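Right, one structure below, let's go through it.
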Amino acid sequence: MIGQNVTLTLPDGKQLEVAHGSTVLDAIGKIGKKLQEAAISASLDGKEVDLTHKVEKDAKLVVHTFASAEGKETYWHSTSHLMAYAITELYPGAQFGVGPAIDEGFFYDVDYELNFTPEDLVKIENKMKELAQKNFPVIRHEWPKQKAIEFFKQNKQHYKAELIQEIPDASVSVYEEGAFSDLCTGPHVTSTGKIVAIKLLKLAGAYWKGDAKNKQLQRIYGISFPTQKELDEYSKTLEEREARDHRKIAKEMKIFTFNEDIGMGLPLWLPNGEQLFHTLQEFMRRVEEEAGYTYVRTPVITKGKMYERTGHIPYYKDSMYAPIEIEGEDYYLRPMNCPHHHAIFSELVRSYKQLPLRLAEPGNVYRFELSGTMHGIIRTRGFTQNDAHLYMRMDQLEDEIMGVVKLNEAIYEKVGVKNYWFRLSLPDFEGHPEKYSGDRERWEAAANALRNAMKKMGKPYVETKDEAAFYGPKIDIQTKNVMGKEDTIATVQVDILVPKRLGLDYIDEKDAKEVPVVIHRAILGSYERFIAFLLEQTMGKFPLWLSPVQVKVLPLSEKFKDYAHEIFAEMKHAGIRVQLDDSDGTLNYRIREAQMEKVPYMVIVGEKEQAAQAISIRTRDGQQENGIPRVDWMKRLRHEIESMK
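This is the structure:
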C-alpha cells in the first residue's frame, strides 16, 4: 500500500526494503552505487522493466548490466531507437519498419527515397553521438491504440501504424526521446547519454515482414558499447573475422564466384574450387564405401505427391521453389534427397537379413532463400549434400549411431576439423507439441538409443529441448564459427515417422512385416557450407592432400624455363596437382601470388638447382630449404600426400 515499504528479493536470497513507489533505479542504489551506475534494465518477477519503473509490490529483483544478455539486448535496442532519431533529423521523410537488437548489435529497416551509402552511415553515426551527448531522457508512455495509430499516421510512419493495427491489446507503449517517439514494448535505457561508443557497420536489403512480395527496405546494422575500450576491442575482433571471411579467402584462392545473370545463391566453381570439391567428394566416397555404404544417384525433380506423402510439404513448402507443371502434375526441384533413397530401399530390401542398408549420394538440392539471408557459400539456393540414409532394425540402432559418430570423427581428423562437441536435440512435447509427429514411445526409444550410444563411446554431450526435427531426435555436431556463434557442422538424425508414412517395410525373422528405423546423416552437411567452414577455420591452409594446387614451380628467370618445365612435367606425370608460373613477373611477385592462393609448396629453380639436378622449396609460411635432390623431393611429396597429414 501507499506509504508502506515493499520487499524486493535479490538473486542471492537477500531482501531489500524500499518505499512503495520507488523507482527500480532508486532501489538498485540501495544495493550499491557502482551497480546503480552500471544498471541498464531490470526484471521484476521475471518481467523486463525500465529502471524508471515504479515498484508497487513485493517482487524478485534481477538487475541487468551490459555483462548480461538482457542488458546487451536493452542497450542495443535503445541504440537502434537513437539511430532512427538521427535518421529523422538528417533525412526527413524516412519511414521505419522494425529495429530490434540482434546477437551482436542492432539493425533498423528504413524506407527512404534514396539509397544510403557508406558516407551516409558516417553522417548518421556522428548525429547519433551528438544526440547521445544531449542526454535526452527516454520516457515510456502508454497510449490508447487509436491515439498511437493517428500519431504515427500523422508523422507519415505507415509501417508503425500497420504494426499497431495488428496488436490485439487496447493500448500500446511508445518511447519518447527528445523530438522522436517510437513504438516499442521496451525496456530502454534511462537516457540517450547512457549510449557511449557507437559504430554503424553495414547496409543490406530486407523485405518488409520478411515477405518477398512486399517492398524491400534498407537495413542498417550497428553496434554500441558503454565504453570506447569495448568498441575498440570489438573492432579488432571484426578485423580478425574479416581476415577469416571465407569469401575473402576464396577470392584470393580463386575458389568460387557469383554472377548476377546466373542468380543469387548459385555459386560458380572456378577450377581451383572444382578441384577442392572433387577431392573432398572422392575422399568421402572412398571412406564411406570402406564403411559399408552403397552409392546411388537420384533425380533432382520429383512429383509433389511424394512430398505430400512424406509430410514435408506442410513443413518445407516455404523453402521450396514453385512447382513445375508437367502433363498436368506438379513437380518440385527437390529440397532434400530422403524420399528418393526411401524409394530405392523399397526396391532393394525384402528381408531383415539385408539390414542394415546404407545408401549414400552427393545429392544436389535446391531451397528458396531470401536474398538478405544468403552469405557466400554458407547459405545458398543450390547446394550438394553429403547425404546418406541408413535403414535398420530397432535393435541395430545403437550400433549404427556409434558407427556414424566414429566415421564423423575419423573424417574430421583427416580434414583438420577441431573444437567440436555433441548436442542431443530433443522435442518439446509440453511446450510445442504441434511441431512433432509420431508415437511418443518411439520418440523416447530413439532418444534413449542416441543417449546410450553416446555413453557407450564415452562421448560427452548436452541435451537441448525443442531442437529436434519434426520426425525424430538427433545428435548435432556443434562448433563455433568465425563469428563466435554456435553452428552445426553435421547431424545424426533418427527418423521414426516417414518410413511408416511411405509404407517402408521388411520381413522379420518371424515372417512378419516390420517398419525399419532410418538414420539421416550428412557428415559434411553440404559440400558448399563445409568448404566455407574449412576456409574460415584453416584460412585456406589446407593439408597437402586436400589443397587444390599442391605445388607451384617458379623458374628464377627465362634461362631456367626448360628445367622448370621438366620438373613440372615430372610432377604432373606422378599425379601431383602442380602449376607452372613462368610469367614475366618478378620472383617475389610470383611467390606472393602463390602465397595468396595458399599453395603449400613453391619449387624454385635457378642455376644452382639446374646444375645439381635439384630444387629449392619455399612453403606458404615462408620456410625455405635449398638444394633438395629431385628424387628425394618426389618421395617426400608422395609420402605427405599419402599419409594425409
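Quick note, the sequence shown lines up with residues 1 to 645 if you use UniProt numbering. Think of the CB as a built atom: it goes at the ideal place given N, C-alpha and C, for glycine as much as any other residue. Model, not experiment: these values are computed from the prediction.
| Check | Outcome |
| --- | --- |
| So residue 206 is in the beta strand (DSSP E); what residue range does that whole segment cover? | 197–207 |
| Could you pull the DSSP bridge partners for residue 183 from this structure? | 174 |
| What does the alpha-carbon distance come out to for the pair residue 520 and residue 472? | 10 Å |
| Does the beta-carbon of residue 589 have 16 or more other beta-carbons within 10 angstroms, so that it is buried, or is it exposed? | exposed |
| On the three-state DSSP scale, how would you describe residue 416? | coil |
| Please tell me whether residue 81 and residue 99 are closer than 8 Å, where the distance is taken between their beta carbons. | yes |
| Using alpha carbons as the reference points, say which of 444, 420, 196 lies closest to residue 428. | 444 |
| Starting from residue 469, follow the alpha helix (DSSP H) in both directions and report where the run begins and ends. | Unbroken run through residue 469: none, as it is neither H nor E. |
| Pick helix, strand or coil for residue 341, following the three-state DSSP scheme. | helix |
| Looking only at its own chain, which residues have a Cβ that is under 6 Å from the Cβ of residue 483, when we skip the five neighbours before and after it? | none |
| Looking only at its chain, what residues have a beta carbon closer than 6 Å to the beta carbon of residue 594, apart from the 5 residues adjacent to it on each side? | 552, 602 |
| What number of angstroms, rounded off, separates the C-alpha of residue 241 from the C-alpha of residue 148? | 42 Å |
| Please tell me whether residue 363 and residue 291 are closer than 8 Å, where the distance is taken between their beta carbons. | no |
| Measuring CB atoms only, is the region 487–504 touching the region 431–448, in the sense that at least three cross pairs come out at less than 8 Å? | yes |
| Three or more C-beta pairs under 8 Å: does that hold for the region 223–238 against the region 248–265? | no |
| Check whether the region 50–64 and the region 20–39 are in contact - that is, three or more C-beta pairs closer than 8 Å. | yes |
| Keeping to the same chain, check which residues put their C-beta closer than 8 Å to that of residue 205; ignore five residues upstream and five downstream. | 216, 217, 218, 219, 371, 372 |
| Cutting at 8 Å between CB atoms, please list the residues of its own chain near residue 237, excluding the five before and the five after it. | 484 |
| Between which two residues does the beta strand (DSSP E) harbouring residue 624 extend? | 624–629 |
| Would the region 259–277 and the region 375–389 be scored as touching if the rule is three or more Cβ pairs under 8 Å? | yes |
| Using 8 Å as the Cβ pair cut-off and three pairs as the minimum, do the region 349–359 and the region 291–309 touch? | yes |
| Buried or exposed, going by whether 16 or more other CB atoms sit within 10 Å of the CB of residue 644? | exposed |
| Return the chain-ordered list of same chain residues with a C-beta closer than 7 Å to the C-beta of residue 197, the five sequence neighbours on each side being excluded. | 224, 225, 227, 228, 230, 231 |
| Which value, in whole angstroms, describes the spacing of the CA atoms of residue 83 and residue 125? | 8 Å |
| Between the region 57–74 and the region 28–46, do at least 3 Cβ pairs fall closer than 8 Å? | yes |
| Alpha carbon to alpha carbon, how far is residue 451 from residue 276? Give it in angstroms, no decimals. | 36 Å |
| Residues in the same chain with beta-carbon distance under 8 Å from residue 35, minus the five sequence neighbours each way, listed in chain order, please. | 28, 63, 65 |
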